[in-house]
Amino acid sequence: GCTSCKLQLPRWKQFMQEVDSTLNRPIPFVFYFHPKDMKELRYITRRDVFTYPVCFDEMDDFNQLNHFPGEMTFQTFLLDKDNKVVAIGNPVHNPKVKELYLEILTDGEVVKAETPMTKVNLDVASIDFGSFPQLEKQERKFTLTNTGQHVLVIYDVVTSCGCTKVNYSKEGIRPGEKAVQTVIYEAEKAEHFSKTVTIYCNADNSPLRLKITGNAE
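Everything in the sequence shown is counted per the working numbering, starting at 710 for the first residue and increasing by one.
This is the structure we're talking about:
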């Protein structure tokens, strides 16, 4: 995927703010980037107004010293005060990892309320945006139907790309009811794209995955 998709800097800003507000004290976050395209990375940090300190590791020294796995999922980790790794995973890509990080940081004081499980139906498995001019923002709809016995709660919606956003219902969806959600795609450049929207909720088949494709010209 594109660099912006992988980094998800706006979501990192949200997570850092949540950590600071939850703990009532600042927690240091350290970002090391080994960019293939330095100009692109500088553009992305400016565009996303990412004002936190970052290190541009042009020679990949940090990785060569530590021999990180090639899988991006394992290149984010939580350290204790002695700089020992206590958890691995990307909290902006996976709500379960986010929950784990917050639990460790608060010594278990953050307790997630138990929500009864229900069942949900996603009306489409994929959405094809077709061909459209690159500068035109695109919107499509999809529907979630609560087919279970308890209120459906959407915990989080994670997109594989910063170009993709989802406006989803923050209110619970009652049994038998439907909720129409909106997926928005704003192309950064002209290209054929294939992205994934992942929906985390209190359903037996969570997470739900919606594939979106199209061609920005």
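Ideal Cβ placement from N, Cα and C applies to all residues, glycine included.
Three-state secondary structure (DSSP) of S713: Reduced to three states, the DSSP call for S713 is helix.
Close beta carbons around T873, own chain, < 6 Å, minus the five adjacent residues each side: The beta carbon of T873 lies closer than 6 Å to those of Y894 and K904 in the same chain, with the five residues before and after it left out.
Alpha-carbon to alpha-carbon, R720 and E808: When rounded, the distance between both Cα atoms is 15 Å.
Buried or exposed by the 16-neighbour rule on C-beta atoms within 10 Å, applied to A834: The Cβ neighbour count for A834, taken over all protein chains shown within 10 Å, is under 16; the residue is labelled exposed.
Contact check, V794 vs P800, beta carbons under 8 Å: No; because the gap between Cβ atoms is not below 8 Å, this pair is not in contact.
Straight-line Cα distance separating V875 from V892: Whole-angstrom Cα-Cα distance: 4 Å.
V829 vs T854 beta-carbon contact at 8 Å: Judged by beta-carbon spacing, T854 lies within the 8 Å limit of V829, meaning their Cβ atoms are closer than that value.
For I736, the first and last residue of its enclosing alpha helix (DSSP H): That residue, I736, is in no alpha helix (DSSP H); it is neither H nor E in DSSP.
Option in C910, R734, Q784 and Q726 with minimal Cα separation from F740: If you compare the alpha carbons of C910, R734, Q784 and Q726 with that of F740, the shortest gap goes to Q784.
V862, enclosing beta strand (DSSP E) - first and last residue: First-last for V862: undefined, no H or E at that position.
F738 and Y752 closer than 8 Å at C-beta: With contacts defined as CB atoms closer than 8 Å, F738 and Y752 fail to qualify as a contacting pair.
8 Å Cβ cutoff met for Y909 and P804: Yes, they are a contact pair.
Per-residue DSSP class, three states only, for Y894: Here Y894 carries a strand assignment [DSSP, helix/strand/coil].
Nearest residue (CA-CA) to K790, options I736, E886 and Q858: Nearest of I736, E886 and Q858 to K790, Cα basis: I736.
Boundaries (first-last residue) of the alpha helix (DSSP H) holding D770: Where D770 is concerned, the enclosing alpha helix (DSSP H) stretches over D770 to N775.
Length of the line joining the Cα atoms of D769 and V763: So the alpha carbons of these two residues sit roughly 14 Å apart.
Alpha-carbon spacing of P842 relative to V728, whole angstroms: One C-alpha to the other measures close to 39 Å.
Whole-angstrom distance between D832 and A925, CA atom to CA atom: Cα to Cα, the separation comes out at about 25 Å.
Through-space distance from A899 to Q858, alpha-carbon basis: So the two alpha carbons sit approximately 45 Å from each other.
CA-to-CA distance, K715 to Q723, given in whole angstroms: Taking the Cα positions, Q723 is about 16 Å away from K715.
Beta-carbon proximity of T868 to L811, cut-off 8 Å: Contact check for T868 against L811 fails: the beta carbons are separated by 8 Å or more.
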